[in-house]
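Protein chains in written order, with the working numbering: chain V, -18 to 164; chain R, -18 to 164.
To start, the structure itself, in structure tokens.
There are 2 protein chains.
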Amino acid sequence: MLTRLVYQSAKDRAAHHLDRAGIFLKPEEQEEIEVADFGLSDLARYGLQLFTYVNTERCCAKEIVLFPRQTCPEHRHPPIPSLAYAGKEETFRCQAGSIYLYLPGTVTSEIGALIPRGEEQNFTVYQEVYLEQGDQITIPPDTLHWFQGGDEGAVATEFSTTSYDEHDVFTDARVQRTTQIVD
Amino acid sequence: MLTRLVYQSAKDRAAHHLDRAGIFLKPEEQEEIEVADFGLSDLARYGLQLFTYVNTERCCAKEIVLFPRQTCPEHRHPPIPSLAYAGKEETFRCQAGSIYLYLPGTVTSEIGALIPRGEEQNFTVYQEVYLEQGDQITIPPDTLHWFQGGDEGAVATEFSTTSYDEHDVFTDARVQRTTQIVD
């Protein structure tokens, strides 16, 4: 849950990050930036700001903004049998700032991300991939991943198959994908 | 057919267009820019410069550079039954400059593109869509289209399903999708 004021301020801040990264959005597109708090009501630690260029039945493209040290909680994009959908495949390309991304595999001994205190149980994969401007990675469907913006935050473009956010599976049972806004 | 010198110079020029549009490519990525002359050996009139971020079995993303008044010949992306592929769906988002794009539908009476003299038979669709920075359009599979850069050329990002260029169908029978380079 976010207040309307916090929501709008995060939107404005995300628009500024995108602009500084050289990514052009029209004023009406800036207004469409989504702020996701994942139902955790703690945007400084958990959240994602998103602008969706296109999301058809076949493919999708978005800009993603992470504020400094903001974390996207661990999740995966499973197959959706009822839609004959193999699960979302996504490619992140870092456009500005830096991202600490984690995937299944060999545990990185000293990770760059800061795990929110007391929340260790919500992070189970620890193979670190560090992304800076121009670095990109493709994540196969149904693969657990979580990521955090570096000290200056980050902007990344996501090229993917269709997004069905409501089907995402999060490790933290408290997560709700839809952000509630209150006055 | 292009000489190696012309090919390299078009690549360098495309890298410059991308840089000026605020699109970051690493030096090694700039080297991977493709120049397509569509086998017409006339890059000033016909061609496309491309950088592919990703092209998996499910989705694809590219940057496209058009030099001033350079034309991508009319073509469509048909279904490919042997691959159980419905045909390429593509979204163009103009990042810089301007694009005159043509689709089937109501003929635009005074079009903005300049049709290469004596080549009218190779252009059959004339519903104009004019794209400037931040404008975008999604083109369904199997839809004839052609486009031309405006007086300053253009940079566009393409978000699409998988590219199988070799299956594209061009109106101009002379077109060959693979560019031959000669010394």
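Glycine included, every Cβ here is placed at the ideal spot set by N, Cα and C.
The model shown is predicted, which means the values in this text are computed figures rather than measured ones.
Residue 56 (chain V) carries a strand assignment under DSSP once its states are collapsed to helix, strand and coil.
For the pair residue 142 (chain V) and residue 39 (chain R), the CB atoms are nearer than the 8 Å cut-off. Residue -5 (chain V) is outside the set of residues whose beta carbon lies under 8 Å from a beta carbon in chain R. Relative to the Cα of residue 42 (chain R), the nearest Cα in the group V:-17, V:109, V:157, V:34 belongs to V:34.
In the DSSP assignment, residue 74 (chain R) falls within the beta strand (DSSP E) that extends over 71 to 84. Scanning chain V for C-beta atoms nearer than 9 Å to the C-beta of residue 7 (chain R) yields 114, 115, 116, reported in chain order. When only Cα atoms are considered, residue -1 (chain R) and residue 116 (chain R) end up about 17 Å apart. With contacts defined by Cβ atoms closer than 8 Å, residue 4 (chain R) and residue 30 (chain R) do not form a contacting pair. DSSP places residue 43 (chain R) in the uninterrupted beta strand (DSSP E) bounded by 41 to 47. Put simply, of R:-14, R:-7, R:121, R:154 the residue whose alpha carbon is nearest the alpha carbon of residue 72 (chain R) is R:121.
When DSSP reads this structure, residue -17 (chain R) sits in a beta bridge with R:162. Sequence-ordered contacts of the stretch 21 to 46 of chain R with chain V read 34, 35, 37, 39, 40, 42 [C-beta pairs closer than 7 Å]. In the same chain as residue 96 (chain R), and ignoring 5 residues on each side of it, the C-beta atoms closer than 8 Å to its own belong to 104, in chain order.
Residue 17 (chain R) sits buried, since 16 or more C-beta atoms from the chains shown fall within 10 Å of its C-beta. Those residues of the stretch 61 to 74 of chain V placed with their C-beta closer than 8 Å to a C-beta in chain R are 67, 70, 72, 74, ordered along the chain. Look at residue 30 (chain V) here: in three-state DSSP terms it is strand.
Residue contact check for residue 133 (chain R) against chain V: no CB pair falls below 8 Å.
Look at the beta carbons and you see the stretch 136 to 153 of chain V not touching the stretch 47 to 63 of chain R: under three pairs across the two are nearer than 8 Å.
The beta carbon of residue 142 (chain V) falls within 8 Å of a beta carbon belonging to chain R, placing the residue at that interface.
By the 16-neighbour rule on beta-carbons within 10 angstroms, residue 88 (chain V) is exposed. In this structure, residue 2 (chain R) sits near residue 76 (chain R), with a CB-CB distance shorter than 8 Å. According to DSSP, residue 112 (chain V) shares a beta bridge with V:80. Judged by DSSP secondary structure, residue 133 (chain R) falls outside any alpha helix (DSSP H) and instead within the beta strand (DSSP E) spanning 126 to 141. Looking at the DSSP output, residue 119 (chain R) bridges to R:72.
Using a Cβ distance threshold of 8 Å, residue 48 (chain V) and residue -15 (chain V) do not count as a contacting pair.
Shortest Cα-Cα distance from residue 11 (chain V) to any of V:28, V:100, V:46, V:114 involves V:46. Annotation: residue 86 (chain V) has no Cβ neighbours in chain R at a cutoff of 8 Å; minimum Cβ distance is about 20 Å. Separation of the CB atoms of residue 130 (chain V) and residue 92 (chain V) is rounded to 14 Å, and the pair is thereby denied contact status at 8 Å. Its chain contains 54, 103 as the residues whose beta carbon lies nearer than 6 Å to that of residue 153 (chain V), once the 5 sequence neighbours on both sides are disregarded; these appear in chain order.
Taking every protein chain shown into account, the CB of residue 74 (chain V) has 16 or more other CB atoms within 10 angstroms, so this residue is buried.
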